[in-house]
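Residue numbers (this note's numbering): -4 to 321. By construction, the Cβ of each residue, glycine as well, lies at the ideal position given by its N, Cα and C atoms.
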(Lines of atoms letter the chains of each structure in order from A and count residues from 1; the text may use other names and numbers.)
(Lines give C-alpha, C1' and ligand atoms only; values in the text may rest on other atoms or scores of the structure.)
Protein backbone atom coordinates (compact mmCIF):
# COMPACT_ATOMS: atom_id res chain seq x y z
CA UNK A 1 0.00 0.00 0.00
CA UNK A 2 2.78 2.42 0.92
CA UNK A 3 4.56 1.77 -2.40
CA UNK A 4 1.37 2.63 -4.31
CA UNK A 5 1.08 5.83 -2.32
CA UNK A 6 4.68 6.76 -3.08
CA UNK A 7 4.06 6.21 -6.78
CA UNK A 8 1.14 8.65 -6.73
CA UNK A 9 3.22 11.42 -5.11
CA UNK A 10 6.23 12.45 -7.19
CA UNK A 11 8.87 14.86 -5.91
CA UNK A 12 9.87 17.49 -8.48
CA UNK A 13 12.72 19.96 -7.94
CA UNK A 14 12.52 23.29 -9.81
CA UNK A 15 15.94 24.91 -9.65
CA UNK A 16 18.05 27.57 -11.35
CA UNK A 17 19.63 30.95 -10.76
CA UNK A 18 17.57 33.67 -9.07
CA UNK A 19 15.68 35.60 -11.74
CA UNK A 20 15.83 32.80 -14.31
CA UNK A 21 12.02 32.62 -14.43
CA UNK A 22 11.25 29.48 -12.38
CA UNK A 23 8.35 30.86 -10.36
CA UNK A 24 6.92 32.66 -13.40
CA UNK A 25 6.61 29.46 -15.41
CA UNK A 26 5.23 27.56 -12.42
CA UNK A 27 2.55 30.24 -11.92
CA UNK A 28 1.56 30.22 -15.60
CA UNK A 29 1.32 26.44 -15.87
CA UNK A 30 -0.24 25.57 -12.51
CA UNK A 31 -1.81 28.77 -11.12
CA UNK A 32 -3.38 30.14 -14.32
CA UNK A 33 -1.39 33.36 -14.38
CA UNK A 34 -1.05 35.19 -17.69
CA UNK A 35 2.45 36.16 -18.83
CA UNK A 36 2.02 39.90 -18.25
CA UNK A 37 1.02 39.31 -14.60
CA UNK A 38 4.10 37.36 -13.47
CA UNK A 39 6.21 40.51 -13.21
CA UNK A 40 4.70 41.18 -9.81
CA UNK A 41 5.97 37.88 -8.39
CA UNK A 42 8.64 38.29 -5.72
CA UNK A 43 11.87 36.30 -5.60
CA UNK A 44 11.51 32.85 -4.01
CA UNK A 45 12.87 32.66 -0.46
CA UNK A 46 14.51 29.30 0.32
CA UNK A 47 12.04 26.60 -0.87
CA UNK A 48 8.35 27.02 -1.72
CA UNK A 49 6.46 23.72 -1.54
CA UNK A 50 3.37 23.07 -3.66
CA UNK A 51 1.29 19.89 -3.78
CA UNK A 52 -0.36 19.94 -7.19
CA UNK A 53 -3.07 17.43 -8.09
CA UNK A 54 -2.80 16.15 -11.64
CA UNK A 55 -4.91 13.55 -13.45
CA UNK A 56 -6.93 12.88 -10.32
CA UNK A 57 -4.77 11.50 -7.56
CA UNK A 58 -1.25 12.01 -8.91
CA UNK A 59 0.34 14.64 -6.67
CA UNK A 60 3.29 16.64 -7.90
CA UNK A 61 5.26 17.55 -4.79
CA UNK A 62 6.87 20.60 -6.41
CA UNK A 63 9.85 22.21 -4.66
CA UNK A 64 10.47 25.68 -6.11
CA UNK A 65 14.00 26.33 -4.84
CA UNK A 66 15.28 29.89 -4.48
CA UNK A 67 18.34 30.48 -6.63
CA UNK A 68 20.31 32.98 -4.56
CA UNK A 69 23.86 31.80 -3.82
CA UNK A 70 23.27 31.43 -0.09
CA UNK A 71 20.26 29.18 -0.59
CA UNK A 72 22.04 27.01 -3.17
CA UNK A 73 25.00 26.57 -0.83
CA UNK A 74 22.60 25.46 1.90
CA UNK A 75 20.90 22.93 -0.41
CA UNK A 76 24.28 21.42 -1.26
CA UNK A 77 25.53 21.19 2.34
CA UNK A 78 23.22 21.27 5.37
CA UNK A 79 20.03 20.24 3.47
CA UNK A 80 21.69 17.97 0.90
CA UNK A 81 19.94 14.72 1.78
CA UNK A 82 16.64 16.46 2.57
CA UNK A 83 16.47 18.30 -0.77
CA UNK A 84 17.92 15.69 -3.12
CA UNK A 85 16.54 12.39 -1.81
CA UNK A 86 13.53 10.64 -3.41
CA UNK A 87 13.49 13.01 -6.40
CA UNK A 88 11.57 11.88 -9.49
CA UNK A 89 12.41 14.88 -11.68
CA UNK A 90 14.83 17.80 -11.61
CA UNK A 91 13.86 20.77 -13.78
CA UNK A 92 16.79 23.17 -14.07
CA UNK A 93 16.07 26.56 -15.62
CA UNK A 94 18.85 28.47 -17.40
CA UNK A 95 18.45 32.16 -18.27
CA UNK A 96 19.74 32.50 -21.83
CA UNK A 97 20.54 36.17 -21.07
CA UNK A 98 22.62 35.39 -17.97
CA UNK A 99 25.79 37.43 -17.65
CA UNK A 100 27.50 34.54 -15.88
CA UNK A 101 26.74 31.42 -17.95
CA UNK A 102 29.88 29.64 -16.74
CA UNK A 103 28.92 30.16 -13.07
CA UNK A 104 25.40 28.92 -13.83
CA UNK A 105 26.78 25.69 -15.33
CA UNK A 106 29.15 25.19 -12.37
CA UNK A 107 26.18 25.48 -9.97
CA UNK A 108 24.20 23.09 -12.17
CA UNK A 109 27.07 20.58 -12.12
CA UNK A 110 27.22 20.71 -8.30
CA UNK A 111 23.47 20.11 -8.11
CA UNK A 112 23.74 17.22 -10.58
CA UNK A 113 26.36 15.56 -8.37
CA UNK A 114 24.08 15.85 -5.33
CA UNK A 115 21.18 14.43 -7.34
CA UNK A 116 23.31 11.53 -8.56
CA UNK A 117 24.28 10.77 -4.97
CA UNK A 118 20.75 10.77 -3.51
CA UNK A 119 18.42 10.10 -6.49
CA UNK A 120 20.42 8.41 -9.26
CA UNK A 121 17.28 7.26 -11.09
CA UNK A 122 15.80 10.77 -11.35
CA UNK A 123 15.04 12.36 -14.73
CA UNK A 124 16.65 15.71 -15.59
CA UNK A 125 15.06 18.37 -17.80
CA UNK A 126 16.96 21.56 -18.66
CA UNK A 127 14.88 24.50 -19.86
CA UNK A 128 16.79 27.20 -21.73
CA UNK A 129 14.50 30.07 -20.81
CA UNK A 130 13.71 33.57 -22.15
CA UNK A 131 14.52 32.48 -25.70
CA UNK A 132 12.24 35.24 -26.98
CA UNK A 133 15.06 37.67 -26.09
CA UNK A 134 17.38 36.03 -28.63
CA UNK A 135 17.24 37.26 -32.22
CA UNK A 136 15.04 34.86 -34.21
CA UNK A 137 17.77 34.12 -36.77
CA UNK A 138 20.19 33.09 -33.99
CA UNK A 139 17.88 31.06 -31.73
CA UNK A 140 18.55 27.58 -33.12
CA UNK A 141 22.33 27.98 -33.07
CA UNK A 142 22.34 29.65 -29.63
CA UNK A 143 20.18 26.88 -28.20
CA UNK A 144 22.37 24.15 -29.71
CA UNK A 145 25.59 25.70 -28.40
CA UNK A 146 24.20 26.19 -24.91
CA UNK A 147 22.78 22.67 -24.66
CA UNK A 148 26.09 21.08 -25.65
CA UNK A 149 27.90 23.13 -23.00
CA UNK A 150 25.39 22.12 -20.32
CA UNK A 151 25.36 18.47 -21.42
CA UNK A 152 29.12 18.28 -20.88
CA UNK A 153 28.51 19.14 -17.20
CA UNK A 154 25.66 16.67 -16.72
CA UNK A 155 27.80 13.86 -15.27
CA UNK A 156 25.90 10.55 -15.09
CA UNK A 157 22.78 12.15 -16.61
CA UNK A 158 24.62 13.21 -19.76
CA UNK A 159 22.94 10.65 -22.03
CA UNK A 160 19.42 11.07 -20.65
CA UNK A 161 19.06 14.80 -19.89
CA UNK A 162 16.50 16.54 -22.12
CA UNK A 163 16.68 20.17 -23.26
CA UNK A 164 13.86 22.51 -24.30
CA UNK A 165 13.89 26.18 -25.37
CA UNK A 166 11.18 28.08 -23.49
CA UNK A 167 9.53 31.47 -23.16
CA UNK A 168 6.50 32.62 -21.18
CA UNK A 169 5.35 34.55 -24.26
CA UNK A 170 4.62 31.56 -26.52
CA UNK A 171 3.54 27.93 -26.39
CA UNK A 172 7.09 26.56 -25.94
CA UNK A 173 6.52 26.54 -22.18
CA UNK A 174 3.64 24.06 -22.60
CA UNK A 175 5.74 21.78 -24.80
CA UNK A 176 8.47 21.52 -22.17
CA UNK A 177 6.13 20.91 -19.24
CA UNK A 178 4.12 18.39 -21.28
CA UNK A 179 7.27 16.26 -21.54
CA UNK A 180 7.80 16.51 -17.79
CA UNK A 181 4.24 15.45 -17.05
CA UNK A 182 4.37 12.58 -19.54
CA UNK A 183 7.40 11.18 -17.73
CA UNK A 184 5.61 11.37 -14.37
CA UNK A 185 2.35 9.67 -15.40
CA UNK A 186 2.76 5.97 -14.51
CA UNK A 187 0.18 4.57 -16.96
CA UNK A 188 0.77 6.77 -20.02
CA UNK A 189 1.37 3.80 -22.35
CA UNK A 190 -1.89 2.15 -21.25
CA UNK A 191 -3.78 5.38 -21.97
CA UNK A 192 -2.13 5.56 -25.40
CA UNK A 193 -3.16 1.99 -26.23
CA UNK A 194 -6.77 2.78 -25.37
CA UNK A 195 -6.63 5.99 -27.42
CA UNK A 196 -5.33 4.02 -30.41
CA UNK A 197 -8.25 1.61 -30.13
CA UNK A 198 -10.71 4.51 -29.90
CA UNK A 199 -9.12 6.28 -32.88
CA UNK A 200 -9.56 3.13 -34.97
CA UNK A 201 -13.22 2.80 -34.00
CA UNK A 202 -14.18 6.41 -34.76
CA UNK A 203 -11.86 6.82 -37.79
CA UNK A 204 -10.05 9.72 -36.10
CA UNK A 205 -7.13 11.41 -37.78
CA UNK A 206 -5.88 12.55 -34.40
CA UNK A 207 -6.81 12.31 -30.72
CA UNK A 208 -5.16 14.59 -28.17
CA UNK A 209 -5.71 14.10 -24.45
CA UNK A 210 -5.45 17.19 -22.22
CA UNK A 211 -5.48 17.49 -18.44
CA UNK A 212 -8.42 19.76 -17.61
CA UNK A 213 -6.93 22.00 -14.90
CA UNK A 214 -3.55 22.85 -16.45
CA UNK A 215 -4.52 22.29 -20.12
CA UNK A 216 -1.26 20.37 -20.59
CA UNK A 217 -1.28 17.56 -23.14
CA UNK A 218 -1.07 14.12 -21.57
CA UNK A 219 -0.53 12.15 -24.79
CA UNK A 220 -1.83 11.87 -28.35
CA UNK A 221 -2.45 9.46 -31.23
CA UNK A 222 -1.91 10.61 -34.84
CA UNK A 223 -3.01 8.56 -37.86
CA UNK A 224 -2.97 8.68 -41.65
CA UNK A 225 -2.62 12.02 -43.43
CA UNK A 226 -2.48 13.89 -40.14
CA UNK A 227 1.04 12.52 -39.60
CA UNK A 228 2.24 14.98 -42.28
CA UNK A 229 0.58 17.99 -40.61
CA UNK A 230 3.18 20.79 -40.93
CA UNK A 231 2.07 22.46 -37.69
CA UNK A 232 4.23 20.43 -35.33
CA UNK A 233 3.48 22.77 -32.42
CA UNK A 234 -0.31 22.34 -32.73
CA UNK A 235 -0.56 20.41 -29.44
CA UNK A 236 0.97 23.27 -27.46
CA UNK A 237 -0.99 25.87 -29.43
CA UNK A 238 -4.23 24.17 -28.38
CA UNK A 239 -2.96 24.11 -24.77
CA UNK A 240 -2.40 27.85 -24.99
CA UNK A 241 -5.85 28.46 -26.52
CA UNK A 242 -7.55 26.34 -23.83
CA UNK A 243 -5.66 28.16 -21.09
CA UNK A 244 -6.59 31.58 -22.52
CA UNK A 245 -10.22 30.49 -22.74
CA UNK A 246 -10.20 29.41 -19.07
CA UNK A 247 -8.75 32.78 -18.08
CA UNK A 248 -11.39 34.59 -20.11
CA UNK A 249 -14.17 32.52 -18.51
CA UNK A 250 -12.79 33.31 -15.07
CA UNK A 251 -12.58 37.03 -15.83
CA UNK A 252 -16.16 37.31 -17.06
CA UNK A 253 -17.88 34.90 -14.66
CA UNK A 254 -15.93 35.28 -11.43
CA UNK A 255 -15.22 31.54 -11.35
CA UNK A 256 -11.62 30.72 -10.31
CA UNK A 257 -9.55 30.03 -13.45
CA UNK A 258 -8.64 26.57 -12.17
CA UNK A 259 -12.33 25.62 -12.03
CA UNK A 260 -13.52 27.27 -15.26
CA UNK A 261 -14.31 24.62 -17.88
CA UNK A 262 -16.50 24.26 -20.96
CA UNK A 263 -18.72 21.41 -22.12
CA UNK A 264 -17.71 21.17 -25.78
CA UNK A 265 -16.16 23.13 -28.65
CA UNK A 266 -16.87 22.25 -32.31
CA UNK A 267 -15.31 23.33 -35.61
CA UNK A 268 -16.65 22.03 -38.94
CA UNK A 269 -14.99 22.76 -42.30
CA UNK A 270 -14.93 21.21 -45.76
CA UNK A 271 -11.50 19.65 -45.08
CA UNK A 272 -11.88 18.34 -41.54
CA UNK A 273 -14.06 18.38 -38.45
CA UNK A 274 -12.72 19.04 -34.97
CA UNK A 275 -14.16 19.06 -31.48
CA UNK A 276 -12.97 19.13 -27.88
CA UNK A 277 -15.10 17.45 -25.25
CA UNK A 278 -14.84 16.26 -21.68
CA UNK A 279 -13.58 12.69 -21.52
CA UNK A 280 -13.26 12.11 -17.77
CA UNK A 281 -13.47 14.23 -14.64
CA UNK A 282 -9.80 15.14 -15.14
CA UNK A 283 -9.33 15.19 -18.92
CA UNK A 284 -10.54 16.74 -22.17
CA UNK A 285 -10.21 15.04 -25.56
CA UNK A 286 -9.48 16.92 -28.80
CA UNK A 287 -10.66 14.99 -31.88
CA UNK A 288 -9.86 15.53 -35.57
CA UNK A 289 -11.92 13.49 -38.05
CA UNK A 290 -12.79 13.53 -41.79
CA UNK A 291 -15.44 16.07 -42.92
CA UNK A 292 -18.49 13.84 -42.57
CA UNK A 293 -21.54 14.59 -40.45
CA UNK A 294 -22.33 10.93 -39.76
CA UNK A 295 -18.70 10.22 -38.79
CA UNK A 296 -18.83 13.27 -36.50
CA UNK A 297 -22.03 12.13 -34.78
CA UNK A 298 -20.84 8.52 -34.47
CA UNK A 299 -17.55 9.72 -32.96
CA UNK A 300 -19.35 11.69 -30.25
CA UNK A 301 -21.50 8.67 -29.38
CA UNK A 302 -18.53 6.28 -29.23
CA UNK A 303 -16.52 8.67 -27.07
CA UNK A 304 -19.43 8.85 -24.64
CA UNK A 305 -19.49 5.03 -24.52
CA UNK A 306 -15.70 4.92 -23.95
CA UNK A 307 -15.72 7.33 -21.01
CA UNK A 308 -16.00 4.65 -18.30
CA UNK A 309 -12.95 2.83 -19.70
CA UNK A 310 -10.86 5.99 -19.55
CA UNK A 311 -12.24 6.90 -16.12
CA UNK A 312 -10.83 3.60 -14.84
CA UNK A 313 -7.39 4.76 -15.98
CA UNK A 314 -7.50 8.10 -14.17
CA UNK A 315 -4.74 7.90 -11.60
CA UNK A 316 -6.13 7.13 -8.19
CA UNK A 317 -9.40 5.68 -9.41
CA UNK A 318 -10.08 2.31 -7.87
CA UNK A 319 -9.95 -0.46 -10.45
CA UNK A 320 -13.25 -2.19 -11.03
CA UNK A 321 -13.30 -5.96 -10.61
CA UNK A 322 -12.61 -7.78 -13.86
CA UNK A 323 -15.43 -10.07 -14.93
CA UNK A 324 -14.52 -13.69 -15.57
CA UNK A 325 -15.96 -13.39 -19.10
CA UNK A 326 -13.90 -10.31 -20.07
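Proximity winner among the options, relative to residue i (alpha-carbon distances)
i           : options               : result
residue 155 : 120, 135 and 292      : 120
residue 290 : 199, 232, 108 and 19  : 199
residue 235 : 28, 5 and 265         : 28
residue 106 : 150, 22 and 126       : 150
residue 142 : 131, 122 and 132      : 122
residue 279 : 293, 213, 251 and 174 : 213
residue 126 : 162, 275, 233 and 136 : 162
residue 60  : 53, 70 and 184        : 70
residue 293 : 197, 269 and 218      : 197
residue 22  : 43, 6 and 3           : 43
residue 67  : 215, 55, 47 and 104   : 104
residue 10  : 169, 109 and 224      : 109
residue 169 : 182, 134, 272 and 239 : 239
residue 25  : 248, 256 and 211      : 211
residue 177 : 273, 268 and 53       : 53
residue 284 : 275, 296 and 263      : 263
residue 371 : 99, 137 and 82        : The requested residue 371 does not occur in the structure, where the chain is confined to residues -4 to 321.
residue 167 : 30, 215 and 309       : 30
residue 97  : 145, 128 and 82       : 145
residue 237 : 251, 246 and 256      : 256
residue 182 : 45, 261 and 306       : 306
Buried versus exposed, by CB contacts within 10 Å (16 or more), residue i
i           : result
residue 206 : buried
residue 118 : buried
residue 241 : buried
residue 266 : exposed
residue 288 : exposed
residue 282 : buried
residue 124 : buried
residue 220 : exposed
residue 131 : exposed
residue 186 : buried
residue 208 : buried
residue 277 : buried
residue 2   : The predicted model places residue 2 with a pLDDT of 49, which falls under 50 and marks its position as unreliable; any figure quoted below should be read in that light. Exposed: under 16 other Cβ atoms inside 10 Å.
residue 94  : exposed
residue 299 : exposed
residue 172 : buried
residue 203 : buried
residue 249 : exposed
residue 160 : buried
residue 319 : Because the pLDDT at residue 319 is just 40, under 50, the model does not fix this residue reliably, and the value given afterwards should be weighed accordingly. The residue in question, residue 319, is exposed, as its Cβ has fewer than 16 Cβ neighbours within 10 Å.
residue 5   : buried
residue 128 : exposed
Residue range of the beta strand (DSSP E) that includes residue i
i           : result
residue 212 : 212 to 217
residue 186 : Per DSSP, residue 186 belongs to no beta strand (DSSP E); it is in the alpha helix (DSSP H), 183 to 197.
residue 262 : 259 to 263
residue 268 : 268 to 275
residue 56  : 53 to 60
residue 206 : 201 to 206
Continuous alpha helix (DSSP H) stretch holding residue i: start and end
i           : result
residue 248 : 229 to 248
residue 171 : 167 to 179
residue 44  : Not the alpha helix (DSSP H): residue 44 falls in the beta strand (DSSP E), residues 42 to 49.
residue 298 : 288 to 308
residue 20  : 17 to 25
C-beta neighbour in chain B for residue i, strict 7 Å
i           : result
residue 100 : In the structure shown, chain B cannot be found, because there is only a single protein chain.
- Entirely enclosed beta strand (DSSP E) segments - the segment 77 to 121, minimum 3 residues: Runs found: 82 to 90.
- If you pair each beta-carbon of the segment 11 to 23 with each one of the segment 85 to 102, do three or more pairs fall below 8 Å? Because the criterion of three Cβ pairs below 8 Å is met, the segment 11 to 23 and the segment 85 to 102 touch.
- Between the segment 107 to 116 and the segment 76 to 86, do at least 3 Cβ pairs fall closer than 8 Å? These segments touch.
- Task: Count the C-beta pairs between the segment 220 to 228 and the segment 188 to 197 that are closer than 8 Å, then say yes if the count reaches three, no if not.
- Result: No: fewer than three Cβ pairs fall under 8 Å.
- Could you give the uninterrupted runs of the beta strand (DSSP E) lying entirely in the segment 131 to 157, keeping only those of 3 residues or more? If one requires a minimum length of 3 residues, no beta strand (DSSP E) run lies completely within the segment 131 to 157.
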